[in-house]
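S.K.:
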Amino acid sequence: MGGCMGTSREPSINVGSGDPLSTSTGVAIGRNQPLSREKQEWSTEVPMTERQLRSKRDEFWETAPAFEGRKEIWDALKAATEQEDISMAQAIVDSANISLPTGSLTEAYDELGNNYKVPLYCINKPSNLIKNEDIRETTVNDNEDEEKDVPTGEAYPVKFRLSTGKEMKLQVYPSDTIHKLKKIINKREGVAIVRQRWFYSGRLLTDKMTVQDADIKKGYVVQIIVSEEDKS
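For reference, each letter of the sequence shown is one residue, going 1 to 232 in the UniProt record's numbering.
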């Protein structure tokens, strides 16, 4: 499992005759199946990168508690999708009293009968994932940052709070891009740019956005979610 695409245009996804974003199964509610060991393969018409996949997953899990259902169940489902060990994933599902009518995490029910739908991209990686694209994207962004290296506007302090518990204050310019600031965090904390997901006022910040675009206010806090290193 383990293995959510950060583009403005949703890619078309192919998976046999079904849709990985759809979890309609026609299976009777209440029937519980053990977690299937078989991974459902799928692909996108336009190949996506590791960065896009992680961004898409982050977007889904950040907003999932706003959907119907209970936050603790969403948290348990997220934890289960991130497990490579299926027995551990099954233990998480069982401990939260989650029922899987098809043996897949794409559709689940809690003990109160609430339905939870998890898109396939949050569970399995696409077969045509581009694993080395992050290098190219980073190079492109670095070049763009160099072109915009001369700051404009007046600098002011902003707090940055990492999910690791670290907090720091940096002087930023309205013209600074999020990617440029991520490089500063990378140099100071050793956190790779692709492992950083920035949120401000509940909004995911993309690399090409500037501080001004994100409307980051003086003295306010930017949350940085640090993802685990990809071992695959």
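Think of the CB as a built atom: it goes at the ideal place given N, C-alpha and C, for glycine as much as any other residue.
Taking only the alpha-carbon atoms, compute the straight-line gap between Leu129 and Thr49 and give it to the nearest angstrom.
M.R.: Indexing the sequence shown from 1 puts residue 129 at position 129. Indexing the sequence shown from 1 puts residue 49 at position 49. Going by the C-alpha atoms only, they are around 6 Å apart.
S.K.: Could you have a look at Asn186 and say whether DSSP puts it in helix, strand or coil?
M.R.: Reading the sequence shown from its first residue, position 186 is the one you call residue 186. In this structure, Asn186 counts as helix in the three-state DSSP scheme.
S.K.: Near Thr25, what residues of its chain come up, given a Cβ to Cβ distance below 8 Å and the 5 sequence neighbours on each side ignored?
M.R.: Position 25 of the sequence shown, counted from the first residue, corresponds to residue 25. With a pLDDT of 39 at Thr25, under the threshold of 50, the modelled position of that residue is not reliable, and no figure is offered here.
S.K.: Would you mind reading off the limits of the alpha helix (DSSP H) that contains Gln212?
M.R.: Counted from its first residue, the sequence shown places residue 212 at position 212. First-last of the alpha helix (DSSP H) with Gln212: Val211 to Ala214.
S.K.: To the nearest angstrom, how far is it from the Cα of Asn114 to the Cα of Lys169?
M.R.: Locating residue 114 in the sequence shown gives position 114, where the first residue counts as 1. Locating residue 169 in the sequence shown gives position 169, where the first residue counts as 1. So the alpha carbons of these two residues sit roughly 42 Å apart.
S.K.: Please work out which residues of its chain come closer than 6 Å, Cβ to Cβ, to Ala76, disregarding the five sequence neighbours upstream and downstream, and give them in chain order.
M.R.: Taking the first residue of the sequence shown as 1, we reach residue 76 at position 76. Correct list, in chain order: Ile92 and Ala96.
S.K.: Pick from Glu59, Ser127, Gly69 and Asp58: whose alpha carbon is nearest that of residue 242?
M.R.: Limits of the chain in this structure are 1 at one end and 232 at the other, which puts residue 242 out of reach.
S.K.: Do Leu205 and Ile178 have their CB atoms nearer than 8 Å?
M.R.: As a position in the sequence shown, residue 205 is number 205, starting the count at 1. As a position in the sequence shown, residue 178 is number 178, starting the count at 1. Contact: yes.
S.K.: Can you tell me where the beta strand (DSSP E) holding Arg203 begins and where it ends?
M.R.: Within the sequence shown, numbered from 1, the residue matching residue 203 stands at position 203. Per DSSP, Arg203 belongs to the beta strand (DSSP E) from Arg203 to Leu205.
S.K.: Assuming Pro157 and Lys218 are in contact, meaning their beta carbons sit under 8 Å apart, how far apart are those beta carbons, in whole angstroms?
M.R.: For the purposes of this step, residue 157 is taken as the residue at position 157 of the sequence shown. For the purposes of this step, residue 218 is taken as the residue at position 218 of the sequence shown. With a Cβ gap of about 6 Å, Pro157 and Lys218 count as contacting.
S.K.: Skipping 5 residues on each side, what residues in its chain have a beta carbon closer than 8 Å to that of Ile216?
M.R.: The sequence position of residue 216 within the sequence shown is 216, counting from 1. Here the set comprises Val158, Val172, Tyr200 and Val222.
S.K.: Exposed or buried, what is Arg37 when buried is set at 16 or more other beta-carbons lying within 10 Å of its beta-carbon?
M.R.: Position 37 of the sequence shown, counted from the start, is the residue given in the question as residue 37. Its Cβ having fewer than 16 others within 10 Å, Arg37 is exposed.
S.K.: Using only the alpha-carbon positions, how far apart do Gln86 and Ser227 sit?
M.R.: Residue 86 sits at position 86 when you count from the first residue of the sequence shown. Residue 227 sits at position 227 when you count from the first residue of the sequence shown. Strictly speaking, residue 86 in this sequence is Ile, with Gln absent from that position. One C-alpha to the other measures close to 21 Å.
S.K.: Using a 10 Å radius around the Cβ and a threshold of 16 neighbouring Cβ atoms, would you call Gln52 buried or exposed?
M.R.: Indexing the sequence shown from 1 puts residue 52 at position 52. Classification of Gln52: buried, given that the 10 Å Cβ count is 16 or more.
S.K.: Using only the alpha-carbon positions, how far apart do Ile185 and Val211 sit?
M.R.: Mapped onto the sequence shown, residue 185 falls at position 185. Mapped onto the sequence shown, residue 211 falls at position 211. C-alpha separation (whole angstroms): 15 Å.
S.K.: Could you give the distance in angstroms between the alpha-carbon of Glu189 and the alpha-carbon of Ser55?
M.R.: Counting from one through the sequence shown, the residue named residue 189 turns up at place 189. Counting from one through the sequence shown, the residue named residue 55 turns up at place 55. Taking the straight line joining both Cα atoms gives about 21 Å.
S.K.: Would you identify the three-state DSSP class for Ala108, choosing helix, strand or coil?
M.R.: By 1-based counting over the sequence shown, the position of residue 108 is 108. Correct three-state label for Ala108: strand.
S.K.: Starting from Lys78, trace the alpha helix (DSSP H) both ways and give me its first and last residue.
M.R.: As a working note, residue 78 is residue 78 in the sequence shown. That run of the alpha helix (DSSP H) goes Lys71 to Thr81.
S.K.: Give me, in chain order, the residues of the same chain whose beta-carbon lies closer than 8 Å to that of Gly69; leave out the 5 immediate sequence neighbours on both sides.
M.R.: Here residue 69 refers to the residue found at position 69 of the sequence shown. For Gly69, where only same-chain residues beyond five positions count, the Cβ hits under 8 Å are Asp110, Asn114, Asn115 and Tyr116.
S.K.: Quick one: Cα of Lys182 to Cα of Phe60, how far?
M.R.: Along the sequence shown, read from residue 1 onward, the residue named residue 182 stands at position 182. Along the sequence shown, read from residue 1 onward, the residue named residue 60 stands at position 60. If I take the Cα positions, the gap works out to 22 Å.
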